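To start, the structure under review is shown below, and the notes come after it.
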Amino acid sequence: MSKSTFYVTTPIFYPNAKPHLGHSFTSIVADSITRFQRLMGMDSMMLTGTDEHGDKLAQTAAKEGVTPQELVDANSPKFRQLMDKLSVGPHRFVRSTDPHHTAKVRDFLQLVYDKGDIYFGEYGGHYCTGCERFYTEKELENGLCPQHLKAPEYISEKNYFFRMSKYADWLRQHILDNPDFIQPEQYRKEVLAILDSGELEDLCISRPKTRLTWGIDLPFDKDYVCYVWFDALLCYLTPLNWPDGEEYKKYWPGHQHIIGKDILKPHGIFWPTMLKSAGLELYRRVNVHGYWLVRDTKMSKSLGNVVDPLDMIDTYGVDVFRYFLMRDMTFGQDASFSEEGLVGRFNSDLANDLGNLFSRVLSMAARYFDGQSPAVGAPGEAEKQIQALAANSFRNFQSLFDKFRFSNGLEALWELVRALNKYVDASAPWALHREGKTRELGTVIHTLLDIMRKVALHLWPVMPGTAEKLLAQLGQTIDPDNTNLADEADTFGLFPAGVRLASSSNLFPRIEENKEAQPARNAKKEKAGTPDKKADPIEFADFEKIDLRVGTILSAEKHPDADKILCFKVDLGEETPRSIVSGIAQYFAPADLQGKQVIVVANLPCRRIRNVESQGMLLTAEDETGLTLVAPDGHKAPGTRIY
Ligand code: MSP
């Protein structure tokens, strides 16, 4: 049976400079939704590309002393390369100077002309070169273009016009009848307000060659070139080989667009009326997102606050960058980009929640089952509960992604990740192991592996490389065209037994936060009551005698007879975990410590404290704000030596 199709586009970007954060974001959204629909069983495809004609390009080229063709030939590849760096793809990439595209634009113009929807006339209006469009008096703010805050140029000349106003009532009705056509709602309302105002004018679709030669010749007048927006919007259509191509027949019906709010009018009004005039099927939905701001200000070259996506990828890795953008913007609204925000998100969601889950479960599977997945067992009440919660999270994720509510979708997935960590704490596999309850222990580990696999599958649209690595750690792969996320939400317990698993996982070592941004963090005081007293100097050889090791707490329990004492089992990478006793019970709830890493003084003589053997000492730091356990900066293999 042939699959349903999903075809989505990004805006076709102006290559008059190198790409920035904004271009990256829209492309990542398009890639994520394309990957998601692929996992939902769709034959899915996305398109991006460069919009290479128009005044703006011609002016930049003149400023740089090159021809427009040279400029676009130099810059278009930067967009194409960025897509690879962003893991956006495989995808279709169109250039509006492709001969195939220019020929099809001329066919389309002729079609609309023959229909009587293009006429010759005279017009004067306020033209913003930045936006490449005329503004009405009403649309200007204090006489300035609202996007570029620059005074537009008044241009009056003879030109060709598309009878856009003729379709205003029809379009208004179409939007009313199809509430989903422009989303989110605030943008639908914005377009309806323009149509309701009754002021929609016809669209000027040409430029006289006396003023601009850089464009596609009109088929019906060689003295004019086509207006850049009329040409650019058709980039969505022409690569599919309209009107007879197989791809056109297959992908055009039900296609969708993703745009930023800056280009709502061309997509909400110009484009559907153009399609209507030519008798083509309209898009199903245009999905409009807000702007990424930097410290609440618009990015601009002059302010020097333009975020270079390549810097972010080089520093944090592409998947972390993708996750942050998808998680931190509520689709439709503006969001503020900051590196501290990205690091905070990394540490909380990726290091603490997801990374911790994989690290704990895989090291337990290594220890208790020799690194192989145990067989499925009969699920108990706790297993049924966590499976029900997982089913619910996956279904929420899927329905939210389908509606472009990515941030909420990821939050739904993370509720599950956090619940899985709690399930580990509550089912205490280390205690089951100690008590010899191997069957129950197997059920817990199997339940975790089974759901973790599904978490990784759901993560693939947003973090493809990471998801593939997580799956590899579980001895699994992803076959996107034969995966069905919808089925995955309903079937549990199918993780195969006897699969070789990775013995540890450390994909997200914590990132040290930028200390300058948080000076308070540096202002640690020495332990109260021991002000400035420093210990006497020792020889290096003496220091070397201390064997400091990284340990992972497998269990922590209150001492049965001593309120202040906690009894730990700590994994130091040795055959058997160490028993360590520490007088820190007043500072911690034992359940919070399971899975945490600590630093252990490993070569102290063994002692008995309140009848429990202690085979080492945990390092702590105390000041007047309380006591913390000293831990490595990022996850380290148990037993790692510290110097
Ligand atoms: N060439 C036109 C689009 C023609 S589509 C047929 C154009 N190009 S553009 O290079 O200016 O790209 C605009 C798009 O880039 C926005 O709609 C949005 O998708 C993205 N962004 C640019 N800056 C942005 C932010 N600061 N934040 C988020 N995305 C923004 O317009």
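Note that this note's numbering has the sequence shown beginning at 251, numbered continuously upward.
Ideal Cβ placement from N, Cα and C applies to all residues, glycine included.
Predicted, not measured: the structure shown is a model, and the values here were computed from it.
| Check | Outcome |
| --- | --- |
| Residues near L483 by beta carbon distance below 6 Å, same chain, minus five either side | W521 |
| Assigned exposure category for H971 - 16 Cβ within 10 Å defines buried | Nothing can be reported for residue 971, as the shown portion of the chain is limited to 251 through 893. |
| Nearest-angstrom Cβ-Cβ length linking V862 and C817, presumed shorter than 8 Å | 5 Å |
| Collapsed DSSP secondary structure at K704 in the structure displayed | helix |
| Own chain residues within Cβ distance below 6 Å of A418, not counting five before or after | L445, L450 |
| Simplified DSSP state of C454, which is helix, strand or coil | strand |
| Ligand 1 heavy atom lying under 6 Å from the CB of A482 | yes |
| Check whether G272 and W542 have beta carbons under 7 Å apart | yes |
| Through-space distance from L442 to R207, alpha-carbon basis | Here the chain covers residues 251 to 893 and nothing more, so residue 207 does not appear. |
| Whole-angstrom C-beta distance between T890 and V820, which should lie under 8 Å | With a Cβ gap of about 13 Å, V820 and T890 do not count as contacting. |
| Through-space distance from P402 to R724, alpha-carbon basis | Sequence inspection shows Leu at residue 724; the Arg mentioned does not correspond to that position. Between L724 and P402, the C-alpha separation is close to 58 Å. |
| Collapsed DSSP secondary structure at C856 in the structure displayed | coil |
| As assigned by DSSP and simplified to three states, the class of T379 | coil |
| Cβ-heavy atom distance, W542 to ligand 3, below 6 Å | The model on display carries ligand 1 but not ligand 3. |
| C-alpha gap between D430 and A881, whole angstroms | 51 Å |
| At least three beta-carbon pairs within less than 8 Å, the region 673–680 to the region 302–310 | no |
| Contact between the region 388–408 and the region 552–566 (3+ Cβ pairs under 8 Å) | no |
| Unbroken beta strand (DSSP E) run spanning E807, endpoints | 798–808 |
| Cβ pair P458, Y477 closer than 7 Å | no |
| Nonlocal neighbours in the same chain, by C-beta distance under 8 Å from D740, ignoring five residues either side | A641 |
| CB of A835 within 7 Å of CB of I815, strictly | yes |
| Closer than 6 Å: G582 CB and nearest ligand 1 heavy atom | no |
| Burial state of H350, where buried means 16 or more other Cβ atoms lie within 10 Å | exposed |
| Anticipated Cβ contact below 8 Å, A812 with L843, distance rounded | Actually they are not in contact, since the Cβ atoms of A812 and L843 sit about 17 Å apart, beyond 8 Å. |
| Through-space distance from L560 to V712, alpha-carbon basis | 18 Å |
| Residues that M296 bridges to, as DSSP identifies them | V258 |
| Expected contact under 8 Å - CB spacing of R577 and L660 to nearest Å | 5 Å |
| Cβ-Cβ distance between G540 and Q506 below 7 Å | no |
| D599 classed as buried or exposed, judged by whether at least 16 other C-beta atoms fall within 10 angstroms | buried |
| Per-residue burial, C856 [other beta carbons within 10 Å of its own, 16 or more giving buried] | exposed |
| Bridge partner(s) assigned by DSSP for V862 | I859 |
| Short CB-CB distance (under 7 Å) between A736 and chain C | Looking at the structure shown, chain C is missing, and only one protein chain is on hand. |
| Residues sharing a beta bridge with V851, DSSP | L798, M867 |
| Environment of T780 [buried if 16+ CB atoms lie within 10 Å] | For T780, the predicted structure reports a pLDDT of 39, less than 50, and the residue's modelled location is therefore unreliable. A value from the coordinates is still provided. Answer is exposed; the Cβ neighbour count stays below 16. |
| L744 versus L332: straight-line alpha-carbon distance, rounded | 39 Å |
| N537, buried or exposed, once every other Cβ within 10 Å from all chains shown has been counted against 16 | buried |
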